[in-house]
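Asker: Let me begin by handing over the structure; questions about it come next.
In this note's numbering, the protein residues as written are 22 to 330.
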């Protein structure tokens, strides 16, 4: 299995267009030892022919253009991208679908709750139905069941995928009426991809409200976990206002019961932090926080990383 990190930043990327935090100012001035990041996006393939996306980043168009493997064959309008798996209905996770509206059929896997949010409350996504045949909306099975996914047309790229609830919430834009009808467990999920004996786990938004994800992460060969914020009060200290990390739905890395403490030394595979907010000090490769994370065995995702499982 090949896994490519097309984007590794949180909403707004790094630097964020409207942010004057220390990290963004120093990066713009070329005074920060670190690199720009587009918004979180993963692509994987089990045969290097058919490709599948985890997330649908707002930066997806430019990320596809920067990735030769995702280009169509000469003389064709058929993309190597077979399907998209959505972990949530957040703007960061779903907006990129609109970049895939150019009359090309593909499949979207999402929980029933996420599908209802996008199809019933956001009629703009009906533009995806213009393809012939139209885009297919398919369900993601929840643990412990697995769904077998094959390439279209059929090939040698079959794998299994399932989801685990992460305890998050539906986006603020969802109406109270619809929210009351939806299953809370389907709002934000971690995605497990299994091919042969290899396992990839993707959870860029951990609320810290349940622990079901840990067993899957510990048994996976490659794990992408929520690296959004270093501290719970990070946004408040950086901007003078805002909410805590936990209030937004992200488990901070540091502090009592933070991700670094909860998952310290756990698991058999590589541990990678992703969805890193522009205010996070680990973006500065000369910072104490960066060194601490690396010394604890974590990797920090950056655009262009690639893994082979």
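Even glycine gets a Cβ: it sits at the ideal position worked out from N, Cα and C.
No experiment lies behind these values; they were computed from the predicted model shown.
In whole angstroms, give me the CA-to-CA distance for residue 216 and residue 79.
Answerer: So the two alpha carbons sit approximately 28 angstroms from each other.
Asker: Are the CB atoms of residue 296 and residue 247 nearer to each other than 7 angstroms?
Answerer: Cβ distance < 7 angstroms, so residue 296 and residue 247 count as in contact.
Asker: What are the partner residues of residue 60, as DSSP defines its beta bridges?
Answerer: Note: residue 60 sits in a beta bridge opposite 30.
Asker: Assign residue 54 to buried or exposed, taking buried as 16 or more other Cβ atoms, counted over all protein chains shown, within 10 Å of its Cβ.
Answerer: The residue in question, residue 54, is exposed, as its Cβ has fewer than 16 Cβ neighbours within 10 Å.
Asker: Mark residue 91 as exposed unless 16 or more other C-beta atoms lie within 10 angstroms of its C-beta, in which case mark it buried.
Answerer: That one is buried.
Asker: Just to check my reading of the structure: residue 267 and residue 229 have Cβ atoms closer than 8 angstroms, yes? What is that Cβ distance to the nearest angstrom?
Answerer: Their Cβ separation, rounded to whole angstroms, is 6 angstroms, which keeps residue 267 and residue 229 in contact under 8 angstroms.
Asker: Could you say which of 285, 198 and 83 lies nearest to residue 235 if we only look at CA atoms?
Answerer: Taking only the C-alpha atoms, the option nearest residue 235 is 285.
Asker: Identify every residue that forms a DSSP beta bridge with residue 219.
Answerer: Looking at the DSSP assignment, residue 219 forms a beta bridge with 216.
Asker: For the region 267-330, which segments carrying the beta strand (DSSP E) assignment without a break, of at least 3 residues, lie completely within its bounds, in sequence order?
Answerer: Complete beta strand (DSSP E) runs here, min 3: 291-295, 319-321 and 327-329.
Asker: Within its chain, find whatever has a CB closer than 7 angstroms to the CB of residue 275; leave out the 5 residues flanking it on each side and keep chain order.
Answerer: Cβ neighbours of residue 275 beyond the five flanking positions: 251, 252 and 281.
Asker: Looking only at its chain, what residues have a beta carbon closer than 8 angstroms to the beta carbon of residue 327, apart from the 5 residues adjacent to it on each side?
Answerer: For residue 327, where only same-chain residues beyond five positions count, the Cβ hits under 8 angstroms are 23, 24, 25 and 26.
Asker: Using 7 angstroms as the limit for Cβ to Cβ distance, is residue 98 near chain D?
Answerer: In the structure shown, chain D cannot be found, because there is only a single protein chain.
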